[in-house]
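Here is the structure we will look at, set down as structure tokens.
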Amino acid sequence: MSRYSAAEIEAKWQKAWDEAGVFRAERSQDKPKYYVLEMFPYPSGRIHMGHVRNYTMGDVIARHRLATGHNVLHPMGWDAFGMPAENAAMASGGHPKDWTYGNIADMRGQMKPLGLSIDWSREFATCDPEYYGQQQALFLDFLEKGLVYRKNAVVNWDPVDMTVLANEQVIDGKGWRSGAEVERRELTQWFFRISDFSEELLEALGSLDNWPAKVRLMQENWIGKSRGLQFSFERTDGGEIEVYTTRPDTLLGASFVGISPDHPLAKELAEQSPEVAAFRAQCAKGGTTEEALEKAEKLGLDTGLKVKHPLDPSWELPVWIANFILMDYGTGAIFGCPAHDQRDLDFCRKYDLPVIDTFFALNDSTPVETEAFVPPKTDRVKWVDHFTGIDVATGQEAIDATIDYAEKHGWGTGVTKYRLRDWGLSRQRYWGCPIPVVHCDTCGVVPEKKENLPVRLPDDVSFDQPGNPLDRHPTWRDCECPNCGAPAKRETDTMDTFVDSSWYFARFTAPRAETPTVMEDATYWMNVDQYIGGIEHAILHLLYSRFFARAMHICGHLPEKAIEPFDALFTQGMVTHAIYVTRDENDRPVYHFPEDVEVHESGARLGATGEEVEIVPSAKMSKSKKNVVDPVNIISAYGADTARWFVLSDSPPERDVEWTAAGAEAAFKHLSRVCRIVTEIAESDLAANPGADTALLREMHKTIHDVTGGVESFGFNAAIAKLYAFTNTLSKSQAGAEARREAATVLVQLMSPMTPHLAEELWARLGHEGLVTTAPWPVADAAMLVDDTITLPIQINGKRRAEIEVPKDMDKAEVEKAALANDAVIRSLDGAQPKKVIVVPGRIVNVVI
RNA sequence: GCCCGCGUGGUGGAAUGGUAGACACAGGGGACUUAAAAUCCCCAGGCCGAGAGGCCGUGCCGGUUCGAGUCCGGCCGCGGGUACCA
310 MSRYSAAEIE
320 AKWQKAWDEA
330 GVFRAERSQD
340 KPKYYVLEMF
350 PYPSGRIHMG
360 HVRNYTMGDV
370 IARHRLATGH
380 NVLHPMGWDA
390 FGMPAENAAM
400 ASGGHPKDWT
410 YGNIADMRGQ
420 MKPLGLSIDW
430 SREFATCDPE
440 YYGQQQALFL
450 DFLEKGLVYR
460 KNAVVNWDPV
470 DMTVLANEQV
480 IDGKGWRSGA
490 EVERRELTQW
500 FFRISDFSEE
510 LLEALGSLDN
520 WPAKVRLMQE
530 NWIGKSRGLQ
540 FSFERTDGGE
550 IEVYTTRPDT
560 LLGASFVGIS
570 PDHPLAKELA
580 EQSPEVAAFR
590 AQCAKGGTTE
600 EALEKAEKLG
610 LDTGLKVKHP
620 LDPSWELPVW
630 IANFILMDYG
640 TGAIFGCPAH
650 DQRDLDFCRK
660 YDLPVIDTFF
670 ALNDSTPVET
680 EAFVPPKTDR
690 VKWVDHFTGI
700 DVATGQEAID
710 ATIDYAEKHG
720 WGTGVTKYRL
730 RDWGLSRQRY
740 WGCPIPVVHC
750 DTCGVVPEKK
760 ENLPVRLPDD
770 VSFDQPGNPL
780 DRHPTWRDCE
790 CPNCGAPAKR
800 ETDTMDTFVD
810 SSWYFARFTA
820 PRAETPTVME
830 DATYWMNVDQ
840 YIGGIEHAIL
850 HLLYSRFFAR
860 AMHICGHLPE
870 KAIEPFDALF
880 TQGMVTHAIY
890 VTRDENDRPV
900 YHFPEDVEVH
910 ESGARLGATG
920 EEVEIVPSAK
930 MSKSKKNVVD
940 PVNIISAYGA
950 DTARWFVLSD
960 SPPERDVEWT
970 AAGAEAAFKH
980 LSRVCRIVTE
990 IAESDLAANP
1000 GADTALLREM
1010 HKTIHDVTGG
1020 VESFGFNAAI
1030 AKLYAFTNTL
1040 SKSQAGAEAR
1050 REAATVLVQL
1060 MSPMTPHLAE
1070 ELWARLGHEG
1080 LVTTAPWPVA
1090 DAAMLVDDTI
1100 TLPIQINGKR
1110 RAEIEVPKDM
1120 DKAEVEKAAL
1130 ANDAVIRSLD
1140 GAQPKKVIVV
1150 PGRIVNVVI
């Protein structure tokens, strides 16, 4: 019986694992613990290839650790709050809760057949009251420790729908439903004091050795530490304007002072001047994203005010309001230095302000026209300056000298600032964790009592009109003030869903506890030894989680060692796919699933209507763009092992892949072949042709070495290539039955993290006891990894001309002699005398002529 | 705009600074078969050459090095993030 029947095999072994309880994680001092976690999914409705890729990778790691004797925790849950559930409710009238739990059931049903080594007993969804109630408890603890506060913040406001919009709901500056031009508006919001941890979060990046360098760099830039000069310009009419600059060395090039439209001075001026008020309103148009703000056309308005230059009080600069100055960074005011800042230059050219070049590059001094010269901090530049005495300096020396000068003369201070802003967590939406506070007319904002948690979301809500249904619920807001007992109103804002995902990894260590965590469990299981997820989470999710771990430690919910919760991080590339778009009558995009589109050489059309479809090349799979591919077809056609093998073999895990199913069938054929070869070996008569075979066993040990290394370093595709090669060797080998049986056993073991069901089946057919899942991982014999002779390529001037076979430990002089004696080398040299011969032992010979 | 990546045959990709293209997919040829499926064997970066062999070749331009896909500088293209998508 060598037929490969995936469906039968997979059901059989999943049942066996289940019955043996091999994936149930319990604290134990017998073995080292290992916590492997993949970023949990948003329950969008169907799993897609990105999920299969992510969870298969994590599963390979988990199963390999199981086989190397670890006590493995490998849990799964659902990041279940969020906007799509409300959108679905608006679109089709259901309830976000039903939609979400329905999706979870569907996706769990699609994931289980993959045979993942997950401890399903720990599963939870963040929208479970048992979870979000504990999150509310955390919020109250944070509040008590001063880690949360309220202040005003800007949101996208849709003036037609009278509702706050997410950035995603603002398309080209317009509301996605109303089409109205979006305005920026201030609301009072809750904030986490993450910026208090800027230095610590930056500093600790240095200790995250097992994180990708690119992620650490992105976080470093995001935190954005800078040292600069803070000082005030004195206004000629009294008062002052405080500015912050990282390039005080360009101060002599100042040609204006700019303030943000949201600067208190701009607001003050707007009260008297209709012109300023109108300008502020103009600047308030469009979305709040940094991208939108940066790319917006530069707009400015001269306030008519003047300020004195700090280095020369007779020098007056005009004060402009400019839309590209952000109130959130620095002081909300800058001095404009057009010669040395491109944005300032564009602004000054537009409004005809002077351009003063204060630098000349030492070797090259073209005057600034339309391209600003940004003085490099490291290059030496001539600095035209009359007051600090610096003539030629590096940019950094000039910066430091200017700060010193300002401090000495008492008009400015060197200040360290961070770009990182506090984390606004308030959302004016229903489907999120309610913020557990109460607004009382006499007591103000009062935290809810812990014994009243969870503050549950009401079920009776409707989505037939825009806005937050909690706001218009007839009774939900009504409550007693926890402080004075008088009638009061609940907060109707809910929490950002990033809060939910900032501590779920800790909750998995004690998922049913009556407190957010249990110290004993957290101390045993934390940290996450290997965290795996998409590179798109490189900044926000990972930074927020790092902050949360610190905050939870401060509140006694995590041990100190867990303040960096993820020991090792692997960021997988995304699975991408083309997006298919048509336009509605208002020219707004309508997205289509790949299966609804027929793609021809001449273009693409909708299958149903024949309407022409625009193809947007490739982007990460996302439900909202409908460019998702359902793996269920592959699983039902070929089985889970084929799907797993294929996603692992197809591409390096860190790289993005454009999804294509070509090759899935080949993966199935290969697994069938392995099944056939191993079964034949299992059924062969051991006595008929016993005996070992060194060549096969050498190959086997090399394969153990390479595959183990590949699995441990996320080189899955290369590991699989080795397994292909080893399978070819095994199938052709004329070795004795004993050696073939040993090789087949090792092949099965090495494949088991990737194709666990087939591996179990073949393990059993080979007559081994127990489960391959828990059998000890094979160990390579170092003595078998080295060959007696090696092939050395010989280069002449860096071009390969020949190769020679030499004993592995032949010394350099001998190798050189052998190389120069080679016929092909002699021919290539054509009588020329080598100037130098470079012998890299075991690697290469290069003859230089 | 800004920050971070990525770019290698027809395709997915391999390659501690050391033989570029492992291992596959698609393709071509062959064996087996009445035929097909399945399986097995062989070929295969481009150009020139009968062959031996030669030249070119890892997005583009330049640099470091005995030697560069790999390191450095500058471009181009694509992707991710850009604080309310998750």
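Residue numbers (my numbering): 310 to 1158. Beta carbons: idealized from backbone N, C-alpha and C, even for Gly.
1) Please look up how many angstroms separate the CB atoms of Trp812 and Leu574, rounded, as I've assumed it's under 8 Å.
2) Compare the beta carbon distance of Thr597 and Asn476 with 8 Å and say whether it is the shorter of the two.
3) Roughly how many whole angstroms lie between the Cα atoms of Ser1040 and Ile986?
4) Looking at the structure shown, is Val1154 part of a helix, part of a strand, or coil, going by DSSP?
5) With a cut-off of 8 Å on the beta carbons, I'd call Gln651 and Ala681 a contact; round off their distance for me.
6) Would you kindly report the start and end of the unbroken alpha helix (DSSP H) that includes His404?
7) Going by beta carbon distance, what residues of the same chain come within less than 6 Å of Gly882, once the five residues before and after it are set aside?
8) May I ask you to report which of helix, strand or coil DSSP gives Thr880?
9) Taking the straight line between their C-alpha atoms, what separation do you get for Gly567 and Glu509?
10) Using only the alpha-carbon positions, how far apart do Pro583 and Glu549 sit?
11) Skipping 5 residues on each side, what residues in its chain have a beta carbon closer than 8 Å to that of Val906?
12) Could you compute how far the alpha carbon of Cys793 sits from the alpha carbon of Leu734?
13) Based on Cα-Cα distance, which residue from Ala1141, Ile356 and Val473 lies nearest to Val938?
14) So is Arg1136 buried or exposed if we call it buried at 16+ other beta carbons inside 10 Å?
15) Where DSSP assigns a beta bridge to Trp531, which residues make up the other side?
16) Would Ile634 and Leu610 qualify as a contact pair, given that the criterion is a beta-carbon distance under 8 Å?
17) Excluding five sequence neighbours on each side, which residues of the same chain lie with their C-beta closer than 7 Å to the C-beta of Gly801?
18) Excluding the 5 residues preceding and the 5 following Ala1141 in the sequence, name in chain order all residues of the same chain whose CB lies nearer than 8 Å to its CB.
19) Quick one, which of Lys615, Ala858 and Ser569 has its alpha-carbon nearest Met636's?
20) How big is the Cα-Cα spacing for Asp709 and Gln737?
21) Would you tell me roughly how many angstroms separate the C-alpha atoms of Arg1074 and Trp326, rounded to the nearest one?
22) From Thr1064, Ile370, Thr559 and Asp428, pick the residue whose C-alpha is nearest to that of Leu620; which is it?
23) With DSSP run on the structure shown, which of helix, strand or coil describes Glu606?
24) Quick one: what's Asp787 bridged to in DSSP?
25) Which residues in the same chain have their Cβ closer than 6 Å to the Cβ of Thr545, if we skip the five residues on either side of it in sequence?
26) Considering only the beta carbon of each residue, do Lys594 and Glu492 sit closer than 8 Å?
27) Can you tell me whether DSSP reads Met804 as helix, strand or coil?
28) Does DSSP put Ile712 in a helix, in a strand, or in coil?
29) Return the CA-CA distance between Ala590 and Asp571, expressed in angstroms with no decimal places.
30) What are the residues that DSSP puts in a beta bridge with Asn632?
31) Which term fits Leu526, buried or exposed, when burial requires 16 or more other beta carbons within 10 angstroms of its beta carbon?
32) Quick one, are the C-beta atoms of Lys319 and Ala976 less than 8 Å apart?
33) Can you grab the Cα-Cα spacing for the pair Gly455 / Ser516, in whole Å?
34) Quick check on the DSSP output: the alpha helix (DSSP H) that includes Ile643 runs from which residue to which?
35) Where do the N-terminal and C-terminal ends of the beta strand (DSSP E) with Lys978 fall, by residue?
36) Going by beta-carbon coordinates alone, are His866 and Met930 separated by less than 8 Å?
In brief:
1) As a first step, residue 812 must be located in the first sequence, where it is residue number 503. As a first step, residue 574 must be located in the first sequence, where it is residue number 265. That belief does not hold up - the Cβ atoms of Trp812 and Leu574 are roughly 41 Å apart, past 8 Å.
2) Within the first sequence, numbered from 1, the residue matching residue 597 stands at position 288. Within the first sequence, numbered from 1, the residue matching residue 476 stands at position 167. Yes.
3) If you number the first sequence from 1, residue 1040 lands on position 731. If you number the first sequence from 1, residue 986 lands on position 677. Using only the alpha carbons, I get a separation of about 7 Å.
4) Indexing the first sequence from 1 puts residue 1154 at position 845. If DSSP states are grouped into helix, strand and coil, Val1154 belongs with the strands.
5) As a first step, residue 651 must be located in the first sequence, where it is residue number 342. As a first step, residue 681 must be located in the first sequence, where it is residue number 372. Contact holds; Cβ gap of about 4 Å.
6) Counting from 1 along the first sequence, the entry for residue 404 is found at position 95. Unbroken run through His404: none, as it is neither H nor E.
7) Your numbering for residue 882 matches position 573 in the first sequence. Excluding positions up to five away in sequence, the list reads Glu963, Arg964 and Asp965.
8) Here residue 880 refers to the residue found at position 571 of the first sequence. Thr880 falls in the strand class under three-state DSSP.
9) Numbered from its first residue, the first sequence carries residue 567 at position 258. Numbered from its first residue, the first sequence carries residue 509 at position 200. Computed Cα separation, rounded: 32 Å.
10) Your numbering for residue 583 matches position 274 in the first sequence. Your numbering for residue 549 matches position 240 in the first sequence. Roughly 23 Å between the two C-alpha positions.
11) Along the first sequence, read from residue 1 onward, the residue named residue 906 stands at position 597. Hits under 8 Å: Tyr889, Ala913, Arg914, Leu915, Gly916 and Val922.
12) For the purposes of this step, residue 793 is taken as the residue at position 484 of the first sequence. For the purposes of this step, residue 734 is taken as the residue at position 425 of the first sequence. Taking the straight line joining both Cα atoms gives about 27 Å.
13) The sequence position of residue 938 within the first sequence is 629, counting from 1. It is Ile356.
14) Position 827 of the first sequence holds residue 1136. So Arg1136 counts as exposed.
15) Within the first sequence, numbered from 1, the residue matching residue 531 stands at position 222. Paired residue(s): none; Trp531 is not in a bridge.
16) As a position in the first sequence, residue 634 is number 325, starting the count at 1. As a position in the first sequence, residue 610 is number 301, starting the count at 1. Result no, Cβ atoms of Ile634 and Leu610 do not sit closer than 8 Å.
17) As a first step, residue 801 must be located in the first sequence, where it is residue number 492. Going by the sequence as given, residue 801 is Thr instead of Gly. Excluding sequence neighbours, Thr801 sits near Asn777, Leu779, Asp780 and Arg786.
18) Stepping through the first sequence from its first residue, residue 1141 is reached at position 832. If we look at Ala1141 and ignore the five residues flanking it on each side, its Cβ neighbours are Ile1158.
19) Start at 1 with the first residue of the first sequence, and residue 636 comes out as number 327. Of Lys615, Ala858 and Ser569, the residue nearest in Cα terms is Ser569.
20) Residue 709 sits at position 400 when you count from the first residue of the first sequence. Residue 737 sits at position 428 when you count from the first residue of the first sequence. Roughly 45 Å separates the two Cα atoms.
21) For the purposes of this step, residue 1074 is taken as residue 765 along the first sequence, with counting starting at 1. For the purposes of this step, residue 326 is taken as residue 17 along the first sequence, with counting starting at 1. Looking at the two C-alpha atoms, the distance is approximately 17 Å.
22) Here residue 620 refers to the residue found at position 311 of the first sequence. Ranking Thr1064, Ile370, Thr559 and Asp428 by Cα distance to Leu620 puts Thr559 first.
23) Taking the first residue of the first sequence as position 1, residue 606 is located at position 297. In this structure, Glu606 counts as coil in the three-state DSSP scheme.
24) By 1-based counting over the first sequence, the position of residue 787 is 478. DSSP lists Lys798 as partners of Asp787.
25) Counted from its first residue, the first sequence places residue 545 at position 236. Contacts found: Lys615.
26) By one-based count along the first sequence, residue 594 stands at place 285. By one-based count along the first sequence, residue 492 stands at place 183. Closer than 8 Å, so yes.
27) What you label residue 804 is simply residue 495 of the first sequence in a count that begins at 1. It is a strand residue.
28) Position 403 of the first sequence holds residue 712. Reduced to three states, the DSSP call for Ile712 is helix.
29) Your numbering for residue 590 matches position 281 in the first sequence. Your numbering for residue 571 matches position 262 in the first sequence. Approximately 10 Å, taken between the alpha carbons.
30) The residue labelled residue 632 in the question sits at position 323 within the first sequence. For Asn632, which the question treats as bridged, DSSP gives no partner whatsoever.
31) Taking the first residue of the first sequence as position 1, residue 526 is located at position 217. Exposed.
32) Within the first sequence, the letter at position 10 stands for residue 319. Within the first sequence, the letter at position 667 stands for residue 976. A small fix is needed here, since residue 319 is Glu in this sequence, not Lys. No. Outside cutoff.
33) As a first step, residue 455 must be located in the first sequence, where it is residue number 146. As a first step, residue 516 must be located in the first sequence, where it is residue number 207. Approximately 27 Å between the Cα atoms of the pair.
34) For the purposes of this step, residue 643 is identified with residue 334 of the first sequence, where counting begins at 1. Careful: Ile643 lies outside any alpha helix (DSSP H), inside the beta strand (DSSP E) at Ala642 to Gly645.
35) Locating residue 978 in the first sequence gives position 669, counting from the first residue. Taken as a continuous stretch (DSSP letters only), Lys978 belongs to no beta strand (DSSP E), being part of the alpha helix (DSSP H) at Ala973 to Glu992.
36) By one-based count along the first sequence, residue 866 stands at place 557. By one-based count along the first sequence, residue 930 stands at place 621. No. Outside cutoff.
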